[in-house]
Structures are given as structure tokens and as C-alpha cells.
Amino acid sequence: MFQFKMRNLAALALATMISATSFAATTKQPTSITINPRTLKARLLENNIELAVQMNNVFKAKDSVDRARRNLLPGINLGAAIDNSMSFSLASVNMLLPFLLPSKWLDLRESQHLLNAQGESYYISQLNTYSSAYSMYSTIQGDMELRQIIQYQYENYKKIEAAIKEAVDAGMRDRSELMQVQAQTQLSKIQVSQMDVLILQEKAAIREMLALPLSTEIKIEQFHISSSSVENQPLQTTVDQALARSPELRQLSSMLKATEAGKWSAFWSFLTGASWGASRGPTGAFADAEGAGSANFNFGNFLILKIGNRELDAIRLQKKQIDFDTAKMVETTVGSLRESQMQLSLAKQAEANLTALYDNELEKFEMGMTDLLHVLSAGNNLTTAFTNRVKAQTNLDTLRVGLHRMMVSDHFGLIQKCQVYKKGTGGLTGKLGRIFNPKKDDMSLDQACGPQVSEN
Numbered sequence: 060m061f062q063f064k065m066r067n068l069a070a071l072a073l074a075t076m077i078s079a080t081s082f083a084a085t086t087k088q089p090t091s092i093t094i095n096p097r098t099l100k101a102r103l104l105e106n107n108i109e110l111a112v113q114m115n116n117v118f119k120a121k122d123s124v125d126r127a128r129r130n131l132l133p134g135i136n137l138g139a140a141i142d143n144s145m146s147f148s149l150a151s152v153n154m155l156l157p158f159l160l161p162s163k164w165l166d167l168r169e170s171q172h173l174l175n176a177q178g179e180s181y182y183i184s185q186l187n188t189y190s191s192a193y194s195m196y197s198t199i200q201g202d203m204e205l206r207q208i209i210q211y212q213y214e215n216y217k218k219i220e221a222a223i224k225e226a227v228d229a230g231m232r233d234r235s236e237l238m239q240v241q242a243q244t245q246l247s248k249i250q251v252s253q254m255d256v257l258i259l260q261e262k263a264a265i266r267e268m269l270a271l272p273l274s275t276e277i278k279i280e281q282f283h284i285s286s287s288s289v290e291n292q293p294l295q296t297t298v299d300q301a302l303a304r305s306p307e308l309r310q311l312s313s314m315l316k317a318t319e320a321g322k323w324s325a326f327w328s329f330l331t332g333a334s335w336g337a338s339r340g341p342t343g344a345f346a347d348a349e350g351a352g353s354a355n356f357n358f359g360n361f362l363i364l365k366i367g368n369r370e371l372d373a374i375r376l377q378k379k380q381i382d383f384d385t386a387k388m389v390e391t392t393v394g395s396l397r398e399s400q401m402q403l404s405l406a407k408q409a410e411a412n413l414t415a416l417y418d419n420e421l422e423k424f425e426m427g428m429t430d431l432l433h434v435l436s437a438g439n440n441l442t443t444a445f446t447n448r449v450k451a452q453t454n455l456d457t458l459r460v461g462l463h464r465m466m467v468s469d470h471f472g473l474i475q476k477c478q479v480y481k482k483g484t485g486g487l488t489g490k491l492g493r494i495f496n497p498k499k500d501d502m503s504l505d506q507a508c509g510p511q512v513s514e515n
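Per the numbering used here, the sequence shown starts with residue 60, numbered consecutively.
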């Protein structure tokens with residue numbers, strides 16, 4: 060009962076801290092924020108709701124480990140007898156010894172490996188969430204640049220429209236030309252409006268990711284993703300490096316160890332009890348202490364091992380699938396990245412040529428040496444060249460985000476792994492210390508990320 064009350068008090072204290080933190084967060088929100096890779100990572104990892112849920116799963120896994128430890132502690136049963144005078148006397152003492160049962164130790168080992176796996180799951184969620192946000196950041200940069208290009212073209216058409224209107228009013232141009240340029244101007248304005256809607260939606264998605272209130276102005280800093288040193292090395296070398304850094308493989312390794320421990324725990328569960336006890340005899344003295352145990356074995360226990368081996372095989376197949384998936388992702392990402400580099404180079408050349416052509420056609424039109432259709436056609440071609448250049452740059456940035464995610468490099472390398480145990484708590488002394496003093500494992504949310512400590 061005392062333990063139950065303490066848990067309630069702890070839960071109340073945690074809820075109070077979370078409420079206070081939430082209140083402080085809502086009262087100290089920035090009036091504006093400039094989004095770049097650094098601020099995006101810091102704000103995202105601190106405020107994203109999905110990551111908070113994953114962190115909660117880590118702490119639930121830690122509680123499971125604590126419970127498994129406590130299940131190893133001895134328990135005691137005291138028997139009482141009532142005599143004719145209605146007074147109580149101690150009749151028996153029975154001490155439960157769960158630490159003598161192999162299944163209890165295996166349960167602890169299983170829960171420890173599951174905790175490691177959950178810690179890796181949180182780390183993977185951090186990497187993937189940041190990857191999604193990083194890619195969206197690159198996309199919105201490209202859309203904003205594209206919007207500037209369309210706006211620039213719209214303003215050019217407005218100038219041409221004003222010049223033609225003036226000439227039409229003076230009787231020097233046909234009204235059909237004015238209608239043509241007005242239609243082109245209107246179409247450009249529609250494109251600008253469409254880009255405004257798209258950017259608005261993208262900013263709203265970033266606002267949701269970062270848990271920003273509507274009162275916070277979001278500014279996007281222009282930033283292109285840095286290249287990776289692995290872009291020009293052999294593909295197999297890149298695959299080997301990606302697998303060596305893969306948190307998914309580390310997670311499956313922990314799952315493999317947990318499943319192995321769980322298999323043998325289920326097998327040894329036929330040993331259901333171990334105790335040491337003594338009872339008061341007729342003379343009033345306690346009899347000699349006796350040990351006792353209980354078992355319930357049947358041949359179905361051998362099937363437990365077979366089923367457990369099937370589960371181990373399934374995890375090994377998942378690990379093998381990650382090898383194939385990583386090779387595929389490296390091949391497609393690096394190959395596409397090289398093509399995007401080539402496309403960007405060609406798009407820049409085409410943009411330069413078509414800019415010169417458009418300026419030449421506009422100058423000739425102003426001198427009366429060409430018609431409006433040639434100017435509009437040159438303008439549309441220039442807009443297409445602008446668009447291709449922006450798309451190629453955005454694709455290049457997005458592919459580099461994916462490559463950095465696989466290699467855990469660039470800003471991804473600054474995201475620390477989840478520390479499920481404090482440093483210096485390993486070994487037999489540390490394990491026994493955590494059984495009798497579980498507070499040694501207490502950590503706040505901001506302390507939960509650091510070098511992972513093995514608990515083998």
C-alpha cells in the first residue's frame with residue numbers, strides 16, 4: 060500500500076512538472092523564429108509531440124526493468140496463530156526466494172534488452188522526424204525561390220502591359236496585343252497566388268512540427284544542404300559505412316537478445332517457486348528451517364524453445380532485409396544525386412542563355428523589330444528554365460538530406476543517442492545497487508540523450 064501511494068505521489072509530481080513546463084512554454088513563445096538547420100533541429104527535438112510520445116515509451120520500458128529487478132527481491136510471509144486467550148502468536152515464517160529462479164533473471168535480461176531497443180527506437184524517431192522536417196525545409200526554400208521567379212516574371216509582364224496600353228491608347232498598337240499580354244499577366248498572377256497558398260500550407264506544417272503558436276512569425280533562411288564525402292566513393296563502401304552506423308541494426312540486435320532471453324525465460328517458467336521457512340512446533344519452539352521448491356513441467360515446454368527459435372529467425376530475416384534495403388537506397392540515392400548535379404549544371408546554362416534571349420527579344424520589341432508573341436514565348440521559356448534550375452537544386456538538397464540520414468552525418472550527427480542508464484552504473488555492484496536503490500537510475504528528459512551504456 061505504501062509503495063502504491065508513493066507511485067501516486069510520483070505520478071502527481073510528474074504531472075505537475077509537465078503542466079508547469081507546458082505553461083512556461085506557452086508563455087515564453089518567440090514572436091518570430093528563423094528556420095535554418097540548426098534552429099530546426101533544436102526546436103524540433105525539444106517540442107515535437109510524436110517524439111515526446113516516444114520518450115514516454117522509453118520511460119515505460121525503464122519502469123518494466125525496475126519491476127523485473129524488484130521481482131528478484133526476497134519476500135516474507137508471517138503466519139499467526141490465535142490461542143484460547145484470543146492472543147496472537149507467530150506460528151510460521153516463510154521467505155520467498157525468487158532470485159533462485161532462472162526465469163526471474165532471464166526476465167530482467169529480457170526487459171533490459173527491450174529497454175535498449177526502445178532507446179534506439181527513440182533515437183530512430185529523432186533521426187526520421189528531423190529528416191522529414193529537413194526535407195520540408197529544403198522544399199519550402201525551393202518553393203519560395205520559385206515564387207520570387209514567378210513574381211519577377213509577373214512584374215515584367217505588367218511593365219509590358221503598361222507600355223502596350225499606352226501605345227494602344229495612342230493608336231500605335233492593335234488592341235489584340237493588349238488582350239494577349241493582359242491574359243499572360245493574369246495567368247502569372249494566378250501562379251503567384253498558387254505558390255502563396257502552397258508556401259502557406261508548408262509553413263503551417265512546420266508550425267505544427269515545432270509546436271509554434273499562430274502568433275509566431277516563421278522566417279526561412281536560405282541554405283543549401285552541404286555535400287557529403289561519400290557522394291563520390293564506391294557504392295559498396297558507402298553501404299558498409301551506412302550499415303555500421305545503422306541504429307535500426309542496433310535495435311534489432313537488442314531485440315534478438317531480448318527474444319533469446321524471453322525464450323529461455325518461458326522454458327524455465329516450470330520452476331514456479333523457491334522458499335525457505337520454519338513453523339512453530341507443539342513445544343512452542345520453531346522447527347528447523349526447511350527449503351522448498353515447486354515445479355510444473357510438461358513436454359509442451361520444448362515447443363516453447365521451437366517457437367522462440369522461429370521468432371529469432373524472423374528477426375534475423377529483418378536484419379538481412381535491412382542489408383538489402385540499405386544497398387538499394389544507397390544505389391538509388393547516390394545515382395539520383397549525380398543525375399541531379401548534372402541537371403542543375405545544364406539548367407544553369409539554359410537559364411543564362413534564355414535570360415540573354417529574353418532580354419534581346421524585349422529590346423527588339425521595344426524597338427518595333429519583333430512582335431509580342433516572340434517576347435511572351437521567350438518569357439515562358441525563361442520561366443521554364445528558372446523552374447528547372449530550382450527543381451534540380453531542391454532535388455539535390457533533398458537527396459543529400461536522405462544521404463546524410465543514412466550516414467548519420469551533417470546535422471544528424473549532432474543528435475545524440477538515447478542513454479537508458481546513467482554512466483558508471485554497470486557491473487555487478489551497479490546492478491545490485493539499482494535493485495536496492497532504484498533512484499540511481501533517475502534521469503530528467505533532457506538527460507536522456509547521451510552515449511548508450513551497455514547492460515549485458
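Just so it is clear, CB atoms sit at the ideal spot from N, CA and C, and this is done for glycine as well.
- Distances from the CA of serine 197 to each of Tyr216, Ser404, Ser285 and Glu276 were compared; the closest alpha carbon is that of Ser285.
- Leucine 413 and asparagine 215 have their C-alpha atoms some 15 Å from each other.
- If you look at glutamate 398, you'll find it in the alpha helix (DSSP H) that goes 360 to 425.
- With fewer than 16 other Cβ atoms from the protein chains shown falling within 10 Å of its own Cβ, threonine 296 counts as exposed.
- About 14 Å separates the Cβ atoms of proline 161 and leucine 364, ruling out a contact at the 8 Å cut-off.
- Taking C-alpha positions only, valine 227 is separated from glutamine 207 by approximately 30 Å.
- The alpha-carbon of serine 436 is positioned some 29 Å away from that of leucine 455.
- Of the candidates Val240, Ser91 and Trp164, the residue whose Cα lies closest to the Cα of glycine 321 is Trp164.
- The three-state reading of DSSP puts lysine 278 in strand, counting E and B together.
- Glutamine 475 and serine 91 have their alpha carbons spaced roughly 27 Å apart.
- Taking the C-beta atoms as reference points, isoleucine 265 is found nearer than 8 Å to isoleucine 94.
- The Cβ atoms of alanine 317 and glutamate 169 sit closer than 8 Å to each other.
- Across the structure, glutamate 319 and aspartate 384 are spaced so that their CA atoms are roughly 25 Å apart.
- Given a length threshold of 4 residues, each whole run of the alpha helix (DSSP H) inside the stretch 419 to 469 is given here in chain order: 431 to 466.
- Between glycine 201 and serine 190, the alpha-carbon positions lie close to 17 Å from each other.
- For glutamate 267, the closest of Gln281, Leu103 and Leu403 by C-alpha to C-alpha distance is Leu103.
- Rounded to whole angstroms, leucine 432 and glutamate 236 show a C-alpha spacing of 9 Å.
- Within the model, the alpha-carbon separation for proline 272 versus isoleucine 366 is close to 51 Å.
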